[in-house]
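This note's numbering puts the first residue of the sequence shown at 290, with every later residue one more than the last. Quick reminder that beta carbons are idealized off the backbone N, C-alpha and C, glycines included.
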Amino acid sequence: MNTPLIEVSSLSHIFPDGTKALDEVSLDIHSGSFVILAGPNGSGKTVFMRHLNGLARPTAGVVILDGTPVLDDLSRARRSIGLVFQDADTQVVGQTVARDTAFGPENLRLPRNEIDKRVKAALEATGLVGFDERRPHTLSGGEMRRLAVAGVLAMEPDMLVLDEPFTGLDWPGCADLLAVLDGLHASGKTIFLITHDLDKVLAHADRLILMDSGRIAADGSPTEIIDSVEELGIRRPAGDVASMSWKRRERQQR
Ligand SMILES: Nc1ncnc2c1ncn2[C@@H]1O[C@H](COP(=O)(O)OP(=O)(O)O)[C@@H](O)[C@H]1O
Ligand SMILES: [Mg+2]
């Protein structure tokens, strides 16, 4: 097995008020995988995400990216691990779709032609070609969510981490976003998706991790793990894992 992209070892996070959000979490994430992390509210998923690129400081333990601790080189971690937050829509800042997508690369002070190239690629990967000059507030919920993904993609991360990205989207919005994630995965990006909407996406993942009270409660292939989700208060979708997809049937997106 090649070196994992991410190695998390004995990661604990205790807040000043004493809340133990993460309790000795250890796991590896391999390059090119599509991982789903699920668990009840308050189980530590969002706190865990923030450790992946050094936004949070462990109480104990370490997160290693490509052999080097994340905290030893924060700018590298921020480039390599792209986070799409749950409130990503509120982070859209640009006057237009293209300018919003350019925001990250501009902060890196990349040359203009490189910025333009990245914006073009990010809009293509998120199905937003032709939306360049649109004002973000005129976008649909699903388009807005894909714009948030485009902004992160323009940083050319190795791994994309998304926190509950389907929340509040209608069915086409979910299906289109899922098609985008599928396309990114097919092009080699590592996908780490936090969601409890297993019925929408589980068929696309090669691994399911369940978190409970700051600990890893189960970790394995979706078919191995799916029958234990109800013990953690997550509704088990009906049917077999292969049917757990919100992919459009009549017209495949890509
Ligand atoms: N800033 C904070 N101060 C104290 N406790 C926090 C803070 N942020 C999160 N927590 C607690 O940490 C635990 C894990 O939270 P979180 O990772 O947001 O859960 P999830 O994303 O799985 O719903 C919860 O008990 C939550 O209340
Ligand atoms: Mg959360």
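- Query: When the Cα of L442 is compared with those of S476, S299, P305 and D306, which residue comes out closest?
  - Reply: S476
- Task: Could you have a look at P358 and say whether DSSP puts it in helix, strand or coil?
- Result: strand
- Check whether the Cβ of Q375 lies closer than 8 Å to any heavy atom of ligand 2, and answer yes or no. yes
- Query: Going by C-alpha distance, which of A391, G472 and E313 is nearest T415?
  - Reply: G472
- In terms of residue numbering, what span does the beta strand (DSSP E) encompassing E296 cover? I295 to I303
- Task: Please classify S332: is it buried, with 16 or more other beta-carbons within 10 angstroms of its beta-carbon, or exposed?
- Result: buried
- Using three-state DSSP, classify R435 as helix, strand or coil. helix
- Compare the beta carbon distance of L341 and V450 with 9 Å and say whether it is the shorter of the two. yes
- Query: Roughly how many whole angstroms lie between the Cα atoms of R525 and E403?
  - Reply: 45 Å
- For K309, the three-state DSSP class (helix, strand or coil): strand
- Message: Looking at I483: is its Cβ nearer than 9 Å to the Cβ of D452?
- Response: yes
- Query: Does the Cβ of W535 have 16 or more other Cβ atoms within 10 Å, making it buried, or fewer, making it exposed?
  - Reply: buried
- Is N330 near ligand 1, going by C-beta to nearest heavy atom under 8 Å? yes
- Message: Contact between the region 413-428 and the region 336-353 is defined here as three or more beta-carbon pairs at a separation below 8 Å; is this criterion met?
- Response: no
- Item | In DSSP terms, what D317 is bridged to | E296
- Message: Going by the DSSP bridge assignment, what does A507 pair with across the sheet?
- Response: L499
- Message: Using 9 Å as the threshold, is the C-beta distance between V408 and A377 below it?
- Response: no
- Exposed unless 16 or more other CB atoms sit within 10 angstroms - verdict on G440: buried
- Query: When burial is assigned at 16 or more other CB atoms within 10 Å of the CB, is D459 buried or exposed?
  - Reply: exposed
- Query: Nearest-angstrom Cα distance between P461 and G356?
  - Reply: 40 Å
- Query: By how many angstroms is the C-alpha of V324 removed from the C-alpha of F420?
  - Reply: 30 Å
- Item | Enclosing alpha helix (DSSP H) for L487 [first to last residue] | L487 to V490
- According to the Cβ coordinates, are L311 and P358 closer than 9 Å? no
- Taking just the CA atoms, how far does T512 sit from L326? 14 Å
- Separation of G431 from A468, as counted between CA atoms: 12 Å
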